[in-house]
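For reference, the structure discussed in these notes is given below.
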Amino acid sequence: MKFFKIYFLPVLFVLVSSRGLAQTATEYEVKDHYTKKEVVIPMRDGTKLHTTIFSPKDTSKEYPILMTRTPYSSRPYGEGQFRSQLGPNEYLMKQGNIFVYQDVRGRWMSEGVYDNMRAFIPKKKGNQFDEASDTYDTVEWLVKNVKNNNGRVGLWGISYPGFYATYSLLANHPAIKAVSPQASIGDFFFDDFHHNGAYMLSYWRATAVFGYEKSTPSDTAWYAFPELNTKDQYQFFLDAGPLKNLDKYYGEDNVFWQQLKEHPNYDEFWQKRGIVQHLNDIKPAVMVVGGLFDAEDLYGPFNIYETIEKNSDTYNMLVMGPWSHGDWARKKDRQAIGNVYFGDNISENYQKEVETLFFNHFLKGEADEHLALPEAYMFDTGLMEWKTYEAWPPKMAKKKAFYLGDDQQLIAGPVAVPAVASGAETFISDPNKPVPYSEDIKMVFTPRKYMTDDQRFAARRPDVLVYETEVLEEDFTLAGEVLAKLQVATTGTAADWIVKVVDVFPPDAEDFEETQDYLSMSNYHMMVRSEVIRGRFRNSFSNPEPFEPNKKTEVNLQLQDVHHTFKKGHKLQIQVQSSWFPLIDLNPQTYVDNIFEAEEEDFQKQEHKVFHDSQIIFSVLE
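Here is the structure:
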């Protein structure tokens, strides 16, 4: 992070930022303090975007503009209809800012054609447009036409609006001074609908949100979700069979479903929709925000921060808390993910002491020369407390390797593979009985809770390999990336590989209020981090290749960063498996060019092998 003188899937999630704090503002009526105006702002190609502006009634001073751009609607529509909450949080609302909400091109009340994750055009010609130019044209209109603005603009957004906030960094408008991308997608082949090439079947229902286009402005939804008539998600997708059988729910009119099927690899279609690779020479101040248990978007926040840090000379900070997708925009007395409780008022403290300070500093000039915030504000999800660092990952972190040894042992050793790391374990992976990702029997729109779920149900299956340390005699802190360097073989020609990092609680661990009735925190297996790679992409995400049956093969899997202390008395555990259903789709385990076109007969039971020279390499604070 560079300091300088003063002179923000997959998916309907942004609704938390517009409604999640409504209950906290009951004594503060927006309409008593703000005027509302709806306008259409023309873009350079003539397309008009619906924009709503809330301005403080106190016109005795000037205010910065805080804007979010969304595909999820800037409702409520009508100048007499007011939101119950403005901006990223109630503190910024009550202090006074000009708040702007805009329906992006082709969505809701805006004109134009929607393009899911519209590609950035670095060198636009004539009236060529993208989300950066739409942001530029909007900001230009606002600073010239909205009364009492101070000429400074900030942008924020959560999830898809977070992607548009990231995109605004490429607008290069001089009035944009501060941007907070929150839970932003960084690359569409690694966030939301894909994880390392594996299709996130659990996001299938969300395809309705993005796949149906409209031709005229609309203040009501033009899309509908499939009626599935079941509450058992696992059984529904198991009965459905190959992905091609889901075509009956989404026809050719669902553009995004067709795109998913036609582009199973990381080809030009997906590559040009990535935003991370364009983040060079960024000028506005940036505060990247994410949740350490965000099931949707972990790749984005870490990679956006890292790329800006590497390629730009601007203020750039990272905030990662014990949150699922968008939790930081809500207010809860007790912050918990699933069965695990992390502390009180965590989101409120972030809103008041971090987010508000960031925007006020760069948009109102309310601070001294240096902003009193750390480079990295990170929550330790084992110690249940905040830590601050001058860099992320921390400069003092050291690489430490563990080997997947015999007799379920997780053995610490040198990064250089020792000669004694020999032997292997095998298991049968059966597409007819895939490993569930959760014990819960329910239908979810997109999953969240599983990120801290108890993994005992998986550890006790024969198709899940388990490796763990002895009981720890002192605290052991992970801070940074996790790399699984697997050495594997399969009797088939295709396979997925899933690695989970698990914190095994001691027998005397006490239950939380949030602990499900049928569970106990005694010996709880808390999932700390997990990830999947579709094995065909082990060497290239663009050029997949089959496995050679029974041949020992290296598969490297990068897990997203963690910040977690395994406390004294706990155990560190690694689980390895080859299905994770229906979080991801079933791998037929027989190589086919396009899994979306796989036939019933392609799905075959196979034996997989994991060799003991497989490594899990952690970044450790000593």
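For what it's worth, my numbering labels the leading residue of the sequence shown as -13, then goes sequentially. No residue lacks a Cβ here, since even glycine has one placed at the ideal position from N, Cα and C.
Endpoints, the beta strand (DSSP E) within which residue i is located
i, result
"I519", "511 to 520"
"N136", "135 to 144"
"L52", "49 to 56"
"S372", "One detail in the question is off: residue 372 reads as Trp in this sequence, not Ser. Note, W372: beta strand (DSSP E), 371 to 375."
"V468", "462 to 476"
Where the alpha helix (DSSP H) through residue i begins and ends
i, result
"T121", "117 to 131"
"F196", "193 to 197"
"F255", "254 to 257"
"E241", "Before going on, a small fix: residue 241 reads as Val here, not Glu. Segment 241 to 248, the alpha helix (DSSP H) holding V241."
Minimum Cβ-Cβ distance from residue i to chain D less than 8 Å
i, result
"F498", "Absent here is chain D; the protein component of the structure consists of one chain."
Residue i burial status per 10 Å Cβ neighbour count (16 or more: buried)
i, result
"P448", "exposed"
"L7", "At L7 the pLDDT is 38, less than 50, meaning the model places this residue with poor confidence; the figure from the coordinates comes in the next sentence. Looking at its Cβ environment, which holds 16 or more other Cβ atoms inside 10 Å, L7 is buried."
"D116", "buried"
"W208", "exposed"
"Q114", "exposed"
"F223", "buried"
"V474", "buried"
"Q441", "buried"
"P(-4)", "Since pLDDT at P(-4) reaches only 38, below the 50 mark, its modelled position is unreliable, and no value is offered."
"Q9", "With a pLDDT of only 38 at Q9, under the threshold of 50, the placement of this residue in the model should not be trusted; the figure read from the coordinates follows. Q9 comes out exposed."
"M29", "buried"
"N418", "exposed"
"M382", "exposed"
"D280", "buried"
"A151", "buried"
"V340", "buried"
"D439", "buried"
"F175", "buried"
Residues that DSSP places opposite residue i in a beta bridge
i, result
"P270", "For P270, which the question treats as bridged, DSSP gives no partner whatsoever."
"R446", "Partner(s): none; R446 has no beta bridge."
"I39", "K23, V86"
"E454", "Q395, Q559"
"N536", "According to DSSP, which records beta bridges pairwise, N536 is partnered with nothing at all."
"I484", "V518, Q563"
"I414", "E593"
"Q263", "Partner(s): none; Q263 has no beta bridge."
"V275", "Q168, V305"
"N381", "Looking at the sequence shown, residue 381 is not Asn but Lys. For K381, which the question treats as bridged, DSSP gives no partner whatsoever."
"D366", "E371"
"Y389", "I397, Q601"
"K34", "P28"
Residue i vs residue j beta-carbon contact at 8 Å
i, j, result
"H249", "W256", "yes"
"V490", "E517", "no"
"G679", "H598", "Coverage of the chain is limited to positions -13 through 608, which leaves residue 679 absent and any answer about it impossible."
"D426", "I570", "no"
"P535", "R522", "no"
"A465", "P574", "no"
"P50", "N135", "yes"
"F124", "Y87", "Residue identity check: residue 124 is Thr in the sequence provided, not Phe. Not a contact, by the Cβ cut-off of 8 Å."
"K554", "D461", "yes"
"T551", "L369", "yes"
"Y252", "S600", "no"
"Q394", "V468", "no"
"V596", "L472", "yes"
"L284", "Q546", "yes"
"Y153", "Y58", "no"
"A169", "G260", "no"
"G329", "Q337", "no"
"H549", "M273", "no"
"K269", "T300", "yes"
"H511", "Q544", "no"
"V421", "Q563", "yes"
"I603", "K384", "no"
"E213", "T432", "no"
Any non-hydrogen atom of the ligand ZN closer than 7 Å to residue i Cβ
i, result
"V272", "This structure simply doesn't include the ligand ZN, nor any ligand for that matter."
Task: 3-residue-minimum beta strand (DSSP E) runs that sit fully inside the segment 67 to 110, ordered along the chain - done: For the segment 67 to 110, whole beta strand (DSSP E) runs of length 3 or above, ordered along the chain, are 84 to 89.
Task: Whole runs of the alpha helix (DSSP H) within the segment 287 to 349, excluding any shorter than 4 residues - done: Within the segment 287 to 349, the complete alpha helix (DSSP H) runs of at least 4 residues are 332 to 336.
TODO: Report the residue ranges of all alpha helix (DSSP H) runs contained in full by the segment 178 to 231; include only those spanning at least 4 residues, in chain order.
DONE: For the segment 178 to 231, the full-length alpha helix (DSSP H) segments reaching 4 residues or more read 193 to 197, 219 to 226 along the chain.
Task: Contained alpha helix (DSSP H) runs [length at least 4] in the segment 584 to 608, N- to C-terminal order - done: Complete alpha helix (DSSP H) runs here, min 4: none at all.
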